[in-house]
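*Asks:* So the protein lines, in turn, are chains F and V. The first sequence maps to residues 623 to 912 in my numbering. The second sequence maps to residues -4 to 152 in my numbering. Glycine residues also receive a C-beta, built at the ideal position from the N, C-alpha and C atoms.
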Amino acid sequence: MIDFEYAAPTQLDEAIRLLAAAGDGTRILAGGTDIIVQLREGLRSADLVVDIKKISELTQLKLSGDKGLHLGASVSCRRIYDDQNIAASYPGLADAVRIIGGWQIQSRASVGGNLCNSSPAADAIPPLIAYSATAHIAGPGGKRMVPVEEFCTAPGHNILQQGELLVALTLPPQPSNAGSAYQRFIPRNEMDIAVAGAASWVQLDQSGERIEQARIALSAVAPTPVFAVDASEWLKGQVVSEEVFAEAGELAKRVASPIDDMRGTAEYRTHLVGVLTKRTLATACQRARK
Amino acid sequence: MKTHVTTTINGATVEFLCQPRQSLLAVLRDELSLTGCKEGCNNGNCGACTVMLDGLPVDSCLVLAVEAEGAEIETVEGIAEQGHLHPLQQCFLEGAALQCGICTPGFLVTAKALLEKNPQPSEQEIRFGLAGNLCRCTGYDKIVRAVQAASQASPES
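#1: Is DSSP giving residue 742/F helix, strand or coil here?
#2: Looking only at its chain, what residues have a beta carbon closer than 6 Å to the beta carbon of residue 151/V, apart from the 5 residues adjacent to it on each side?
#3: Just to confirm, are residue 738/F and residue 838/F a CB contact at a threshold of 9 Å?
#4: Is residue 803/F close to chain V? Criterion is C-beta to C-beta, closer than 9 Å.
#5: In the DSSP assignment, what are the bridge partners of residue 628/F?
#6: Using a Cβ-Cβ cut-off of 9 Å, state whether residue 628/F counts as contacting chain V.
#7: In the DSSP output, what is residue 774/F paired with across the bridge?
#8: Residue 917/F lies in the beta strand (DSSP E); which residues open and close that run?
#9: Under 8 Å: do the segment 705 to 718 of chain F and the segment 741 to 751 of chain F share three or more Cβ pairs, one atom per stretch?
#10: Leaving out five residues before and five after residue 885/F in sequence, what residues of the same chain have Cβ atoms less than 6 Å from its Cβ?
#11: Return the bridge partner residues of residue 107/V from the DSSP annotation.
#12: Report yes if the C-beta of residue 645/F is less than 8 Å from at least one heavy atom of the ligand NAP; otherwise report no.
#13: Quick one: what's residue 0/V bridged to in DSSP?
#14: The alpha helix (DSSP H) with residue 33/V in it runs from where to where?
#15: For residue 758/F, is the classification buried or exposed, using 16 other Cβ atoms within 10 angstroms of its Cβ as the cut-off for buried?
#16: What residues of chain V sit near residue 655/F, judged by a beta carbon separation below 7 Å?
#17: Note down the Cα distance separating residue 825/F from residue 733/F, rounded to an integer number of angstroms.
#18: Just checking, does the segment 685 to 698 of chain F make contact with the segment 632 to 643 of chain F on the three C-beta pairs under 8 Å criterion?
#19: Measuring alpha carbon to alpha carbon, tell me which of 766/F, 898/F and 846/F ends up nearest residue 869/F.
#20: Return the chain-ordered list of same chain residues with a C-beta closer than 7 Å to the C-beta of residue 132/V, the five sequence neighbours on each side being excluded.
#21: Is residue 780/F closer than 9 Å to residue 841/F when the C-beta atoms are compared?
#22: Would you report the Cα separation of residue 88/V and residue 138/V, rounded to the nearest angstrom?
#23: List the residues of chain V whose Cβ lies closer than 7 Å to the Cβ of residue 814/F, in chain order.
#24: Classify residue 883/F as buried or exposed, calling it buried when 16 or more other Cβ atoms lie within 10 Å of its own Cβ.
#25: Identify the contact partners of residue 729/F in chain V, using a Cβ-Cβ distance below 7 Å as the criterion.
#26: In the segment 631 to 669 of chain F, which residue ranges form an unbroken alpha helix (DSSP H) of at least 4 residues, counting only runs that do not cross its ends?
#27: What does residue 123/V reach in chain F if we use C-beta pairs closer than 7 Å?
#28: Cβ of residue -3/V within 9 Å of Cβ of residue 14/V?
#29: Closest Cβ-Cβ distance between residue 139/V and chain F: below 9 Å?
#30: Thinking C-alpha only, which one of 799/F, 795/F and 760/F is nearest residue 782/F?
#31: Using a C-beta to C-beta distance shorter than 9 Å, which residues of chain V count as neighbours of residue 658/F?
#32: Just the Cα atoms here: how many angstroms apart are residue 847/F and residue 827/F?
#33: Give a yes or no on whether the minimum CB-CB distance between residue 857/F and chain V is below 9 Å.
#34: Give the range of the alpha helix (DSSP H) segment to which residue 82/V is assigned.
#35: Within the segment 800 to 871 of chain F, note down every full beta strand (DSSP E) run reaching 3 residues or more, in order along the chain.
#36: Less than 9 Å between the C-beta atoms of residue 829/F and residue 905/F, yes or no?
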């Protein structure tokens, strides 16, 4: 690995000053499970690495009834699923963080880092989109908030400007009649990158028979994780049934624009979108009824 | 410029100097002569370099040594106590749960963490718990059986 400087600021404004003062050779370190590999393999370069794990705002993980989930940008996958209240309140997010790498990776890798690495196949991003999560960004020009579905712009690229830092993600509070799920397809049981992935979030009516609101998001089938707007809109008012899930899967396929690569063909990935959308909707509805 | 780091390794305070680019794995092996942890893939896939960092198993190839400032580290060298093998080490030995041995230290560190969290894991829990450790001699069945044997041998069971 080439040489770089290292800084571990303890205050957010100190981190912003460091990031603003340094050039474009500054890289942010949270869990390091992507950036350290990229620096070692020469895929990215760095003059300065800024470790953000000592800044309290970025390590906060807090669930509250009226505000929902506050997820500091450097919080590890493990802390999310180890908290039984959080895992039960946001099962679609818990599904994803339990399958990102093995235990060693989950001890360090953060959901904020998964978002900022902006891989099209990121497992944590579809659940964030399905939950209508908001990205809270701080930079030299102040703070701004962005819906997660607008965050990624291309493989490995996102809306963060020079000197900006993702501080936290917030997920809205969940009513008791809401449920969610994330599933990906991989050819083995563990430790692999998604061939395709889908997250579904639903809110049912009082009877539990009709869908009031739904949000579906997909991974590994486009240059960025995508929000399946049409499928989500169409689900409003539909009766919970296998036929409805299957039709939503067909609609979700229309936003998929996958590539052929060593993990799968475009045709296969598109097929998987239908299957995974249907299955995650079924699980989300089942969870919403509990 | 080298950075001064103070950390705790296997219960003892250890100080070292390192470059920011050096991984914890590189410092443990090359500077501190703790060569139990192995470099397999050096990109977080194989788990041969697993150590405990503040109570959690991590791939030490994906940790910068400078991040270890103030941290508690446990390596495979700290598993045996006062010359007595840990039940896991004894069961790996008796069950021949290794072939070339490169992956073994990583498996031992992760398996110990697994049994501390879940003293009586099912076979599936063992396989998922050890998913971040690869054995390319494909000796998984014997490894799983050794962990099962150790879970029955451990005093808390």
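*Replies:* On the basis of the data shown:
#1: Taking the first residue of the first sequence as 1, we reach residue 742/F at position 120. Note: residue 742/F maps to coil in three-state DSSP.
#2: Along the second sequence, read from residue 1 onward, the residue named residue 151/V stands at position 156. Confidence at residue 151/V is low in this model, with a pLDDT of 48, below 50, so its placement is unreliable and the value that follows should be read with caution. Hits under 6 Å: 114.
#3: Residue 738/F sits at position 116 when you count from the first residue of the first sequence. Residue 838/F sits at position 216 when you count from the first residue of the first sequence. Cβ distance not < 9 Å, so residue 738/F and residue 838/F don't count as in contact.
#4: Here residue 803/F is taken as the residue at index 181 of the first sequence, counted from 1. Residue 803/F does not count as touching chain V.
#5: Your numbering for residue 628/F matches position 6 in the first sequence. Beta-bridge pairing by DSSP links residue 628/F to 671/F.
#6: Locating residue 628/F in the first sequence gives position 6, counting from the first residue. Yes, residue 628/F lies at the interface with chain V (some Cβ there is under 9 Å from its Cβ).
#7: Position 152 of the first sequence, counting from 1, holds the residue named residue 774/F. Residue 774/F pairs with 780/F.
#8: With chain F covering only 623 through 912, there is no way to say anything about residue 917/F.
#9: yes
#10: In the first sequence, residue 885/F corresponds to position 263, counting from 1. Once the five neighbours on either side are set aside, the close Cβ partners of residue 885/F are 817.
#11: Position 112 of the second sequence, counted from the start, is the residue given in the question as residue 107/V. DSSP output for residue 107/V lists no bridge partner at all.
#12: Ligands are entirely absent from the displayed structure, and the ligand NAP is therefore not among its contents.
#13: Taking the first residue of the second sequence as position 1, residue 0/V is located at position 5. According to DSSP, residue 0/V bridges with 11/V.
#14: Residue numbering aside, residue 33/V sits at position 38 when the second sequence is read from its first letter. It is not in any alpha helix (DSSP H) - residue 33/V carries neither H nor E in the DSSP assignment.
#15: Here residue 758/F corresponds to residue number 136 of the first sequence, with the count starting at 1. Answer is buried; the Cβ neighbour count reaches 16.
#16: Start at 1 with the first residue of the first sequence, and residue 655/F comes out as number 33. Near residue 655/F (Cβ distances below 7 Å), the residues of chain V are 39 and 57.
#17: Working through the first sequence from its first residue, we reach residue 825/F at position 203. Working through the first sequence from its first residue, we reach residue 733/F at position 111. Their backbone Cα atoms lie some 24 Å apart in a straight line.
#18: no
#19: Looking up residue 869/F in the first sequence gives position 247. Measuring from the Cα of residue 869/F, the nearest candidate turns out to be 898/F.
#20: In the second sequence, the residue the question calls residue 132/V occupies position 137. Cβ within range, chain order: 94 and 95.
#21: Working through the first sequence from its first residue, we reach residue 841/F at position 219. Working through the first sequence from its first residue, we reach residue 780/F at position 158. Note that the C-beta distance between residue 841/F and residue 780/F is not below 9 Å.
#22: The residue labelled residue 88/V in the question sits at position 93 within the second sequence. The residue labelled residue 138/V in the question sits at position 143 within the second sequence. Roughly 10 Å between the two C-alpha positions.
#23: Along the first sequence, read from residue 1 onward, the residue named residue 814/F stands at position 192. Here the premise fails: no neighbours, minimum Cβ distance about 10 Å.
#24: Counting from one through the first sequence, the residue named residue 883/F turns up at place 261. Residue 883/F comes out exposed.
#25: Counted from its first residue, the first sequence places residue 729/F at position 107. What residue 729/F touches in chain V: 51, 52 and 53.
#26: 634 to 643 and 657 to 662
#27: Within the second sequence, numbered from 1, the residue matching residue 123/V stands at position 128. Correct list: 812.
#28: Along the second sequence, read from residue 1 onward, the residue named residue -3/V stands at position 2. Along the second sequence, read from residue 1 onward, the residue named residue 14/V stands at position 19. A contact, by the Cβ cut-off of 9 Å.
#29: One-based indexing of the second sequence puts residue 139/V at position 144. Not an interface residue.
#30: Here residue 782/F corresponds to residue number 160 of the first sequence, with the count starting at 1. Checked all of 799/F, 795/F and 760/F; the closest Cα to residue 782/F is 760/F.
#31: As a first step, residue 658/F is located in the first sequence; it is residue number 36 there, counting from the start. Correct list: 18, 38, 39, 56, 57, 58 and 59.
#32: The sequence position of residue 847/F within the first sequence is 225, counting from 1. The sequence position of residue 827/F within the first sequence is 205, counting from 1. Taking the straight line joining both Cα atoms gives about 28 Å.
#33: Residue 857/F sits at position 235 when you count from the first residue of the first sequence. With 9 Å as the cut-off, residue 857/F does not count as an interface residue toward chain V.
#34: Residue mapping note: residue 82/V aligns to position 87 of the second sequence, counting from 1. First-last of the alpha helix (DSSP H) with residue 82/V: 82 to 89.
#35: 800 to 807, 818 to 826 and 833 to 841
#36: In the first sequence, counting from the first residue as 1, residue 829/F sits at position 207. In the first sequence, counting from the first residue as 1, residue 905/F sits at position 283. No; because the gap between Cβ atoms is not below 9 Å, this pair is not in contact.
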